[in-house]
Amino acid sequence: MSKSKEQKPIRIHVTELEMTAPPKAHMIAPSNLHIALMRVPEIPLPFYRFLYRQVGTRWEWVDRVRMDDAELSANIHNERTTVTVFYLEGAPAGFYEYQQQDDGVTELVHFGLFERALGLGVGKWFLLQGLKAMWADKPEKIITATNSLDHPRALQLYQQFGFSPVATYESEIRPLTDAELLSFARKL
Numbered sequence: 000m001s002k003s004k005e006q007k008p009i010r011i012h013v014t015e016l017e018m019t020a021p022p023k024a025h026m027i028a029p030s031n032l033h034i035a036l037m038r039v040p041e042i043p044l045p046f047y048r049f050l051y052r053q054v055g056t057r058w059e060w061v062d063r064v065r066m067d068d069a070e071l072s073a074n075i076h077n078e079r080t081t082v083t084v085f086y087l088e089g090a091p092a093g094f095y096e097y098q099q100q101d102d103g104v105t106e107l108v109h110f111g112l113f114e115r116a117l118g119l120g121v122g123k124w125f126l127l128q129g130l131k132a133m134w135a136d137k138p139e140k141i142i143t144a145t146n147s148l149d150h151p152r153a154l155q156l157y158q159q160f161g162f163s164p165v166a167t168y169e170s171e172i173r174p175l176t177d178a179e180l181l182s183f184a185r186k187l
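The sequence shown begins at 0 in numbering that gives the first Met the number 0 and counts up one residue at a time.
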């Protein structure tokens, strides 16, 4: 059996964004699709991992995959974190996660759609619903970050809804090894 070798890090360009006022946009839910949003207060870890990988695999989301159960639970099972699942035609098709911080700031930690939901015209509506939920708690601002591996229109979409870039920097993502993927699969 061969050892799982370490892959080379991937260079990325990160843009940090903030939003200091609720979005002015109003959108009606797409009427030709059966869609629903469900907040999941105590999301089971295997379900969260499923959502995370379904959205994040093609964008190289790796951080939560590397967390053990205790660390992941501490991150998502607390009174400051909200996870909401997007359903399309009765099945999960995306999620958003946000976290309230001590200083009047709410962070949009994760937002994304499964591949099967891309191109159906639901992304803008889904993001707007997430932003409305975050602003309902009356934060001073909402922050998020995107990088050069995310959807090509992610930065444009955030800016369209009122986010402004506040910082950019170069970083690296270390791709998952075969051993990490195998370990992750055992947790589902």
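Where a beta carbon is used, it is the ideal one built from N, C-alpha and C, also for glycine.
Note that the structure is predicted; figures quoted are calculated from it, not measured.
Distance, Cα to Cα, residue i vs residue j?
i            : j            : result
glutamate 96 : leucine 50   : 11 Å
proline 174  : leucine 180  : 10 Å
leucine 16   : leucine 148  : 16 Å
alanine 90   : proline 43   : 16 Å
alanine 35   : valine 165   : 33 Å
lysine 123   : tyrosine 168 : 26 Å
Of the residues the options, which one's Cα is nearest the Cα of residue i?
i                 : options                        : result
histidine 33      : Val61, Ala116 and Leu148       : Ala116
leucine 187       : Arg52, Ile9 and Asn31          : Arg52
phenylalanine 113 : His150, Pro21, Asp67 and Arg63 : His150
valine 196        : Thr167, Phe94 and Ile172       : Look at the range of the chain in this structure, 0 to 187, and you will see that residue 196 is not part of it.
threonine 19      : Lys137, Met37 and Ala153       : Lys137
methionine 66     : Pro45, Val54 and Val82         : Pro45
tryptophan 160    : Leu127, Ile172 and Arg48       : The amino acid occupying residue 160 in the given sequence is phenylalanine; tryptophan does not appear at that position. Comparing Cα-Cα distances from phenylalanine 160 to each of Leu127, Ile172 and Arg48, the minimum goes to Leu127.
Kindly indicate which three-state DSSP category residue i falls into: helix, strand or coil?
i             : result
methionine 18 : strand
lysine 23     : coil
arginine 79   : coil
glycine 93    : strand
glutamate 179 : helix
methionine 66 : coil
alanine 135   : coil
Could you name the residues that DSSP lists as bridge partners for residue i?
i              : result
asparagine 196 : Residue 196 lies beyond the residue range present for the chain, which begins at 0 and ends at 187; the question has no answer from this structure.
proline 164    : Leu16
glutamate 169  : His12
- Message: Quick check: the region 130-140 against the region 93-113, are at least 3 beta-carbon pairs closer than 8 Å?
- Response: These segments touch.
- Message: Within 8 Å, do at least three Cβ pairs link the region 64-80 to the region 14-33?
- Response: Judged by Cβ distances under 8 Å, the region 14-33 makes no contact with the region 64-80, as fewer than three pairs qualify.
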